[in-house]
Structures are given as C-alpha cells and as structure tokens.
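Everything on this sheet refers to the single structure shown next.
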Amino acid sequence: MTWSVGGVIVAESEQIMKPVVAIVGRANVGKSTLFNRLIGAPLAIVEDLPGTTRDRVFADTSWEGCEVALVDTGGLETRPGSSLIQKVKDQVEAAIAEADVIVFLVDVRDGVIAADQEIAQRLRVCKKPVVLVANKADNATLESQVADFYQLGLGTPLAVSAHHIRGMDNLLSRVASLLPQTTPGAVDSEGPKLAIVGRPNVGKSMLLNSIVGGERAIVDQVPGTTRDAVDTVFQHGGQELLLIDTAGVRRRGRVGAGVEYYSLIRALRAINRCDVALLVADATEFITAQDVHIAGYIKQACKGMVLVVNKWDLVSGQPKEGYAEQIEQRLKFISHAPALYVSAKLGWGVDDVIPKALGVWQERQKQLPASVIDGLIRDAVMAHAPPRKGHKRLQVLRAYQAGINPPSFAFLVNDPTLVHFSYQRYLENRLRQTFGFSGTSLKLLFKKASSKRRQRAGGKGA
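First residue of the sequence shown: 1, per the working numbering; consecutive thereafter.
Below, the structure written as structure tokens:
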C-alpha cells in the first residue's frame, strides 16, 4: 500500500524478524546464570560493553543454525507492600506479548511454590510454546525431584544446572524445535534502513509524523499505547528510505506495568533490522538508565546511531553544554554518535534528522584499500606495543577491511586470546581518528594467522 503525504511518497511493508526467546521466572532461580550460559563460549560470544550501567537483558545468539534474540526478563522481587500476584502478572504478560518461545525457569531445590503456580497458570493459556526448565539440578538426587513440576501442567520439565552446565544440550534442542520458521513478508527496501527507538512517551511517533510531513502514526500522551512496529518507506532527496517505527499504530487497551519491558524488546527487534538507529531521548529527563541500555545494544549489534534529544522546546532556556556533558558521561562507550536537539512537536531541528542519519549510513559504506589499513595498523602497533601475557606478546601480522555496513576490519594475529579489550579500543580509536566513521560502530575481528605467515613474521610468541 502506498500513498503521498505532503509530496512525500509513503508505503507500508511487513517486517521479518528474528525469533525472540524469553526466560521468565521468579527471583533467584538462576535466570541470569542461564542467560549467560546460553550466550557463552559454546554459542555466539557477545561483547561486554564498558560504560553501560545495568546488566544486559537481551543478546543475539545462534542455536542449531537459527539466529535468535535471547531475553532475560529479570526476577520477580517481593517488597513490603507490593502485590505478588500483580508482579507475576506484569512479568509474564510482558514476556508473552513479545516472545516466540518462553523458557519458564524454576528452582528444583525449592520445589513447586505459589509464585511458580501463578506464572504457570498464565502460561498454560498463553498459546505460546513454553519450555519448563528445573534449574539447579546439580546431581542425580536433585534431578530425580524434577518430576514434582509435572503438577504445573506445562509438559515434561527439563532438568538442568546452568552453573554446572548440565542438560544444556537437551534445553537447546527443545527450544530450537519450537522456534518459528522465518515469517514470510515483503522484501525490505534496498535503501538505508533507519529505526526510531527509545523509551515510551519520548515522542517517537510524533518524530515520525514530523519527518514524513503528516499524521502517519497516531500520537497519544499515554506511554506504551502501541504494540507493533510499522515500516514507512518514503523518498528523501530522490533516495528511498525505510523508517522502522517502534512506536507504531495505537491499539486501545490497558497499558500495564510491563510497558518498559515491551519497549526494550521492540527496540531489540528494530535495531536488528536497521542500518542506523535514531535513539530518541527526552530532554526533560536527561539520559536515563534505559537510554543507556538501548544504546548499549545498538553498539553490540554494530549499528549506526544518532541521538535525537526530543522536547528541547521544554528546556530550551538551558545551555546545551550541560546536556552534552551528561551525554558524554552516560554514553561514553558510544561517543562517536552525533546528537541533535529537536522538538518534534514544533518542528525544531527535525529537518536535520534524516540528513544526519544518511551521513552515518554513508560512513558505514566506506571501503578502504587493504594496503592503507595495514599501513595504519603497523604504525599504531609501533607507537603502542601490543599487550603480553606471561612471556607471550600479541603480534598483529596483517590488517585489512573485511566488509562494510558495518565497517568490519580483520586482524591476523599470532594468538587471538592475547587481545585485551583496551588494546582493541586503542586500534578502533586509531581507525576513527584517521578515517572518521562518525556515528557508526565498527566490527573488529581477530583471527589466528596461518603458521606459514607466523613463521615469515619471525615466529616469536606464536
């Protein structure tokens, strides 16, 4: 479906997304341990991001050849005066809404307790695949107690020990068998893909409307009024763009306490698909922990980013310097991202958003000669010696650009385990200082050089 709004050609398209696997359960059953185990060395290793202020809640990984987004929902916490039933419902409703497969984690040592029964009651009617997993089955005696969880009515419970890596293969096989096939849909635009992401009620829909020049998405002051991402294809300066709006179209209904969690998963899905993410922040709240969290995932996914500080009209009397200091302090791990100060409501600065995002997209298309990259890295290594571990020192034998969008650089080294994250950051900074790459994350790949190449380099430390 296509139409024109203010001379702008607009269209909708369906989206193709990675399946989401959510780990749910009450506190202290081992969800974070299981999460870390499932994205650990046997699977796809996910980079730790310096500068983020909270633990990850999601990460990309691969199970039996299928790319998935794994989500840790956090534990159910009981505090004086809180409602246990409501907290259970909020967590489970959030997981059900966005997950394709749900891993329900319980503690075999505790047996079946009331909180587990509350979660199971909702999961039994959710019409989503559920894998019941009894954790902390560290030995055969504890494993024999798993049968107690049949009473939850969620099928055969799997016995695992995330800490001791017991039962992981069975869990992965069970989940992989339940993953949906790739949803067929319209092919994405071949042009740049831009995602509008951010916390609820920061003005994402209003920004989209202001960009395309019309009431494209319904705007409401109630946070979290929308549940679906909607794609907008339009022409900008003769170039076709795809805008992925995580605010989407409003659906009436109660907005529950799980809305912050909804927004995180919608952001995850959109970021996975885009080239450049427009992270919308609320100028009246500075940079929040969730802003930092989403920015961390943008970096982890190696995407481009433009920080769009919205509602600037409400704080326009304040100097930008103070806000810039907050950005530098809170988002120092993604300091290459440009920031724009706008008011989507009044149209201030909105005309700069797409050009800035396209500039970042262009940076992601840079292709540099291998000889130029290799020469720069050789100079960088001469200026700052690589780290050593014991008597063994890292040797960088060759460097070249391995790809674009994201800009990827391969380093042939004597031993990839010698690469410290601080030296990796040093090499990335040298690439940025020389070639720019403003606004985009870089992917640095360290590979073990062939024995013949190591011998030519002298063989020392190989």
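Cβ atoms here follow ideal geometry from the backbone N, Cα and C, with glycine treated the same way.
Among Lys136, Asp352, Gln239, the one whose alpha carbon lies nearest that of Leu207 = As a first step, residue 207 is located in the sequence shown; it is residue number 207 there, counting from the start. Selected option, being the one with the closest Cα: Asp352.
Just the C-alpha distance for Ala301 and Arg393, rounded to the nearest angstrom, thanks.
-> Indexing the sequence shown from 1 puts residue 301 at position 301. Indexing the sequence shown from 1 puts residue 393 at position 393. Distance between the alpha carbons of Ala301 and Arg393 is about 30 Å.
Proximal residues to Val306 (C-beta, below 8 Å), its chain only, five neighbours per side dropped = Translated into the one-based positions of the sequence shown, residue 306 becomes position 306. Correct list, in chain order: Val276, Ala277, Leu278, Leu279, Ala337, Pro338, Ala339, Leu340, Val353, Lys356, Ala357, Val360, Gly439.
Between the segment 392 to 409 and the segment 369 to 379, do three or more beta carbon pairs fall short of 8 Å?
-> Of all C-beta pairs linking the segment 392 to 409 to the segment 369 to 379, three or more are shorter than 8 Å, placing the two stretches in contact.
May I ask you to report which of helix, strand or coil DSSP gives Thr156?
-> What you label residue 156 is simply residue 156 of the sequence shown in a count that begins at 1. When DSSP states are grouped into helix, strand and coil, Thr156 belongs to the coil group.
Around the C-beta of Val342, are 16 or more other C-beta atoms found within 10 angstroms, so that it is buried, or is it exposed?
-> As a position in the sequence shown, residue 342 is number 342, starting the count at 1. It counts as buried.
Drop a sphere of 10 angstroms on the beta-carbon of His391, count the other beta-carbons inside from all chains shown, and report buried for 16 or more, exposed for fewer.
-> Translated into positions along the sequence shown, residue 391 becomes position 391. By the 10 Å Cβ count, His391 comes out exposed.
With DSSP run on the structure shown, which of helix, strand or coil describes Ser438?
-> Walking along the sequence shown from the start, residue 438 turns up at place 438. Reduced to three states, the DSSP call for Ser438 is coil.
What did DSSP end up calling Arg26 once you bin it into helix, strand or coil?
-> Translated into positions along the sequence shown, residue 26 becomes position 26. DSSP places Arg26 in the coil class of the three-state scheme, outside both helix and strand.
Where the beta strand (DSSP E) through Asp282 begins and ends = Locating residue 282 in the sequence shown gives position 282, counting from the first residue. Looking at the DSSP string, the run of the beta strand (DSSP E) that includes Asp282 is 276 to 282.
Leu427 and Leu444 closer than 8 Å at C-beta = Taking the first residue of the sequence shown as position 1, residue 427 is located at position 427. Taking the first residue of the sequence shown as position 1, residue 444 is located at position 444. Yes.
Please work out which residues of its chain come closer than 7 Å, Cβ to Cβ, to Pro387, disregarding the five sequence neighbours upstream and downstream, and give them in chain order.
-> Locating residue 387 in the sequence shown gives position 387, where the first residue counts as 1. The beta carbon of Pro387 sits closer than 7 Å to the beta carbons of Leu394, Leu418, His420, Tyr423 from its chain, once the five residues preceding and following it are set aside; these are given in chain order.
Can you check whether the CB of Val308 is closer than 8 Å to the CB of Tyr323?
-> For the purposes of this step, residue 323 is identified with residue 323 of the sequence shown, where counting begins at 1. For the purposes of this step, residue 308 is identified with residue 308 of the sequence shown, where counting begins at 1. Contact annotation: Tyr323 and Val308 have beta-carbon atoms that are not nearer than 8 Å.
Using 10 angstroms around the beta-carbon of Ser205, count the other beta-carbons present and answer buried if the total reaches 16, otherwise exposed.
-> The residue labelled residue 205 in the question sits at position 205 within the sequence shown. Burial call: buried.
Does the Cβ of Glu285 lie closer than 7 Å to at least one heavy atom of the ligand PLP?
-> Absence of the ligand PLP from the depicted structure is noted, as is the absence of any ligand whatsoever, leaving it without description.
Would you say Leu172 and Leu154 are within 8 Å of each other, going by their C-beta atoms?
-> By 1-based counting over the sequence shown, the position of residue 172 is 172. By 1-based counting over the sequence shown, the position of residue 154 is 154. No; because the gap between Cβ atoms is not below 8 Å, this pair is not in contact.
Determine the direct distance from the alpha carbon of Ala95 to that of Arg122, and round the result to whole angstroms.
-> Along the sequence shown, read from residue 1 onward, the residue named residue 122 stands at position 122. Along the sequence shown, read from residue 1 onward, the residue named residue 95 stands at position 95. Straight-line measurement puts the Cα of Ala95 at about 11 Å from the Cα of Arg122.
Beta bridge counterpart(s) of Cys302 as assigned by DSSP = On the sequence shown, residue 302 is found 302 positions in, with the first residue counted as 1. Answer is none; Cys302 lacks a bridge partner.
Measure the C-alpha to C-alpha separation of Glu143 and Val108 and round it to an integer number of angstroms.
-> Position 143 of the sequence shown, counted from the start, is the residue given in the question as residue 143. Position 108 of the sequence shown, counted from the start, is the residue given in the question as residue 108. Cα to Cα, Glu143 sits roughly 8 Å from Val108.
Kindly indicate which three-state DSSP category Phe333 falls into: helix, strand or coil?
-> Counting from 1 along the sequence shown, the entry for residue 333 is found at position 333. In this structure, DSSP gives Phe333 a helical state, which the three-state scheme calls helix.
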